[in-house]
Amino acid sequence: ARSIQHIKLAIDSCDRINGQLYTFHPGFLTDPKGSNHSDQNYDFQWDENRLSNSNHQKAIDLMYGALDEVVKYAQSKNIKIAIETEGSLHKKDHLLMQRPDEYEEFMAKYSSSDIGMNLNIGHLNLAAKAFQFEREDFVDLIKDYIVAMELSHNDGIEDQHLPLQPNSWYWNLIFDPCLENAYKILEFRNTMIADIVDNMK
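In the numbering used here, the protein residues as written are 7 to 207.
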C-alpha cells in the first residue's frame, strides 16, 4: 500500500511539472534488510533465510494488483509509466521480472499504451547470465514496450554502474533505430564529469 501511494505521489509530481515519463521497480520476493554498505555494488542487503517463507505466486499477484491500480491512476493523469527490467546474478531469487517468460505474461496483461518498459542494460546483462538466455532475444521480445533505457556497464557479476565501455555488447542496442525515441538514462556511480561527457559524446 505504501509503495502504491508513493508511485501515485510521483505521478502527481510528473503531472505538476509536465513530466513525460515515470518509471519504477516491479518489486521483490522478500523485504530487503537495508542498503548495501559494500563499495562493489549498490544493491539492497538480502536475508537468504527469508526466502524459505517467500511465496512467488503471492508476490506476482500482489505486483499485478498494484500495477492494475497504478496503470489506471496514471491514465487518469495522462502520465506515461514504465517498469524497470530487473536482474541480479547472486541475488536472483529475491527479484521479480528478470526472465523472458515473466515478460510474456506481463505483455499478455497490458498493452504498450498501458505501461512501457525501462530496459536496464546492466540488469539485463546479469539476468541473462543468471537464467541462461540471450540478451538480444530478450530485447526483441519486449522491443515494442521499451520507452527508456538505463545505461551502465558491469562485469556480468555485480551491478557496478560503470561508464559505458568501447566495443561492448550494448552499442548496437543503444543505436537501434527502433529505439531511437527511447529515453537514454546514464546510471553511473562515482564517475567524474569528464567521463560522463565522454560517454554522452
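Yeah, the Cβ is synthetic: ideal placement off N, Cα and C, and Gly gets one too.
Residue i - containing alpha helix (DSSP H), residue span
i: residue 190; result: Counting along the chain, residue 190 falls outside any alpha helix (DSSP H), though it belongs to the beta strand (DSSP E) covering 189 to 192.
i: residue 196; result: From DSSP, residue 196 is part of no alpha helix (DSSP H); its letter is neither H nor E.
Nearest-angstrom beta carbon gap, residue j and residue i [assumed within contact, 8 Å]
i: residue 73; j: residue 109; result: No, residue 73 and residue 109 are not in contact; Cβ-Cβ is about 13 Å, not under 8 Å.
i: residue 65; j: residue 33; result: 7 Å
i: residue 124; j: residue 89; result: 7 Å
i: residue 191; j: residue 168; result: Actually they are not in contact, since the Cβ atoms of residue 191 and residue 168 sit about 15 Å apart, beyond 8 Å.
i: residue 182; j: residue 83; result: Going by Cβ atoms, the distance from residue 182 to residue 83 rounds to 30 Å, so no, they are not a contact pair.
C-beta contact flag for residue i and residue j at 8 Å
i: residue 155; j: residue 132; result: no
i: residue 28; j: residue 77; result: no
i: residue 86; j: residue 26; result: yes
i: residue 188; j: residue 153; result: yes
Beta-carbon contacts of residue i that lie in its chain and below 7 Å, excluding the five residues immediately before and after
i: residue 69; result: 32, 33 and 102
Same chain, Cβ closer than 8 Å to residue i, neighbours up to 5 away in sequence not counted
i: residue 174; result: 159
i: residue 95; result: 132, 135, 136, 162, 163 and 164
Neighbourhood of residue i by C-beta distance below 6 Å, restricted to the same chain and skipping five residues each side
i: residue 100; result: 34, 35, 36 and 52
Run of the beta strand (DSSP E) containing residue i, from where it starts to where it stops
i: residue 89; result: 86 to 90
task: Jot down the residue ranges of each uninterrupted alpha helix (DSSP H) in the segment 94 to 169, minimum 4 residues, whole runs only, in chain order.
output: 106 to 115, 127 to 137 and 141 to 148
task: Any chance you could list the beta strand (DSSP E) runs of at least 3 consecutive residues sitting entirely within the segment 16 to 82, in chain order?
output: 27 to 30
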